[in-house]
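**Student:** As numbered in this note's numbering, residues 23 to 323 make up the sequence shown, in order.
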Amino acid sequence: MEYQPTGGTCLYIRRKPTDSRLACWQAKHLTSLGELILSTTYQLHRGTVPLLISMPHNGEQIPDDIAQTMTEKALKVPDTDWYKDKLYAFALEMGAYIIKPEYSRYIIDLNRDPNGTNLYPGANSTELCPTSAFDESPLYLSGQEPDAEEIQHRVKKYWQPYHSALTNTLSEIKQQYGRAVLLDAHSIASRVPRFFEGQLPDFNFGTSDGVTCSEQMIDAVQHIDFAPYSMVTNGRFKGGFITRHYGQPEQNIHSIQLELSQRTYMNEDTATYDEHKAQQVIPKLKQLVSCLINFAEQSDD
Numbered sequence: 023m024e025y026q027p028t029g030g031t032c033l034y035i036r037r038k039p040t041d042s043r044l045a046c047w048q049a050k051h052l053t054s055l056g057e058l059i060l061s062t063t064y065q066l067h068r069g070t071v072p073l074l075i076s077m078p079h080n081g082e083q084i085p086d087d088i089a090q091t092m093t094e095k096a097l098k099v100p101d102t103d104w105y106k107d108k109l110y111a112f113a114l115e116m117g118a119y120i121i122k123p124e125y126s127r128y129i130i131d132l133n134r135d136p137n138g139t140n141l142y143p144g145a146n147s148t149e150l151c152p153t154s155a156f157d158e159s160p161l162y163l164s165g166q167e168p169d170a171e172e173i174q175h176r177v178k179k180y181w182q183p184y185h186s187a188l189t190n191t192l193s194e195i196k197q198q199y200g201r202a203v204l205l206d207a208h209s210i211a212s213r214v215p216r217f218f219e220g221q222l223p224d225f226n227f228g229t230s231d232g233v234t235c236s237e238q239m240i241d242a243v244q245h246i247d248f249a250p251y252s253m254v255t256n257g258r259f260k261g262g263f264i265t266r267h268y269g270q271p272e273q274n275i276h277s278i279q280l281e282l283s284q285r286t287y288m289n290e291d292t293a294t295y296d297e298h299k300a301q302q303v304i305p306k307l308k309q310l311v312s313c314l315i316n317f318a319e320q321s322d323d
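1) I'd like to know whether the C-beta atoms of S209 and R285 end up nearer to each other than 7 Å.
2) Tell me, please, whether the stretch 242–254 touches the stretch 145–164 by the rule of three or more beta-carbon pairs shorter than 8 Å.
3) Do you know how far the Cα of A202 is from the Cα of E82?
4) Are the CB atoms of G262 and S230 within a distance shorter than 7 Å?
5) Going by beta-carbon coordinates alone, are Y119 and L74 separated by less than 7 Å?
6) Curious, which full-length beta strand (DSSP E) runs of at least 3 residues does the stretch 219–247 contain?
7) Excluding sequence positions up to five away, which residues of its chain have a Cβ less than 6 Å from the Cβ of A318?
8) DSSP on V177, reduced to helix/strand/coil?
9) Using DSSP's beta-bridge definition, name the partner residues of P160.
10) Between Q197 and L141, what straight-line distance do the alpha-carbon atoms span, to the nearest angstrom?
11) Considering just the uninterrupted stretch of the beta strand (DSSP E) at L280, what are its terminal residues?
12) Helix, strand or coil for Q83? Go by DSSP, reduced to three states.
13) Is the separation between the beta-carbon of P271 and that of C235 shorter than 7 Å?
14) Pick helix, strand or coil for V303, following the three-state DSSP scheme.
15) Return the bridge partner residues of A207 from the DSSP annotation.
16) Where do the ends of the beta strand (DSSP E) carrying S76 lie?
17) State the DSSP-derived secondary structure class of L141, mapped to helix, strand or coil.
18) Bridge partners for V254 per DSSP, in chain order?
19) At the level of alpha carbons, what is the spacing between D169 and N226?
20) Checking 7 Å against the spacing of the C-beta atoms, do Y184 and Y64 come in under that value?
21) Please return the same chain residues whose Cβ sits closer than 7 Å to the Cβ of G138, not counting the five positions on each side in sequence.
22) Within the continuous alpha helix (DSSP H) that includes L331, where are the two ends?
23) Given this structure, state the Cα-to-Cα distance separating I278 from Y128, to the nearest angstrom.
24) Going by DSSP, name the residue or residues bridged to P123.
Written out as structure tokens, the structure is:
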């Protein structure tokens with residue numbers, strides 16, 4: 023096992039990691055292929071196929087100085103995309119690149135425009151640095167919400183490093199393979215009245231109405247048999263900032279977002295991982311990842 027400092031903020035881990043709780047999980051699930059890059063704000067596992075999976079809402083940490091300004095409920099980070107790294111552990115064995123943040127979306131939403139532009143103009147949405155939870159309860163103690171200066175500080179400290187890694191990794195993949203595919207992996211409670219009525223379908227794909235990937239790729243995804251799960255494309259969720267910003271099919275970079283209903287792999291009442299449910303849905307996710315890898319490896323000739 024080898025630690026290689028790279029000038030301050032990153033560690034490159036080859037083969038097996040050390041014996042912390044996180045490292046134990048990594049030792050169980052990571053292969054000896056590629057590298058695990060540990061930044062102070064994100065983890066990037068470099069893969070061996072032209073697919074990058076981004077999990078921008080998987081982080082749970084809250085820095086101590088910010089925690090002092092937040093409500094007790096906010097510190098439980100209830101709107102996390104829970105257990106996505108565990109759910110997609112198989113993708114590491116398939117050779118996918120995977121990037122995920124260390125910090126909660128409550129610190130800064132990595133899937134938002136850094137200028138704060140609403141993804142869905144006119145719709146009720148959370149901000150770049152959210153001040154309310156999905157249930158519209160306040161995240162901060164009265165008068166402790168981040169001001170403009172603090173927001174810009176968070177953009178520089180948390181948002182920019184993640185997006186620099188996304189940019190560089192997609193460029194690396196494209197240079198090596200000729201084509202890159204980005205899967206922006208999310209999950210959400212099956213019922214969130216603030217954002218949609220009733221119960222959300224199980225698999226919610228977004229391509230900004232066909233802009234972020236080729237028709238060939240989305241056709242391949244739509245031909246996957248997701249039964250018994252329900253599936254919709256460009257319904258309530260059309261893809262966030264990451265999908266829309268990085269998807270440039272004319273430049274051979276294709277992106278797609280999956281918003282997976284948490285009822286497919288969790289007990290939503292207790293916010294716990296349901297192993298039985300997960301084992302039912304993981305084969306569908308494997309089919310999806312395999313489909314995207316197959317597309318990414320095709321030649322344009």
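Glycine residues also receive a C-beta, built at the ideal position from the N, C-alpha and C atoms.
**Tutor:** Concretely, from the data shown:
1) A distance of 7 Å or more separates the beta carbons of S209 and R285.
2) no
3) 28 Å
4) no
5) yes
6) 225–228
7) P72, L73, R201 and V203, listed in sequence order.
8) V177: helix per DSSP, three-state reduction.
9) S154
10) 30 Å
11) I275 to S283
12) strand
13) yes
14) helix
15) L280
16) Where S76 is concerned, the enclosing beta strand (DSSP E) stretches over L73 to S76.
17) coil
18) Per DSSP, N226.
19) 34 Å
20) yes
21) E149 and L150
22) The requested residue 331 does not occur in the structure, where the chain is confined to residues 23 to 323.
23) 23 Å
24) Y64
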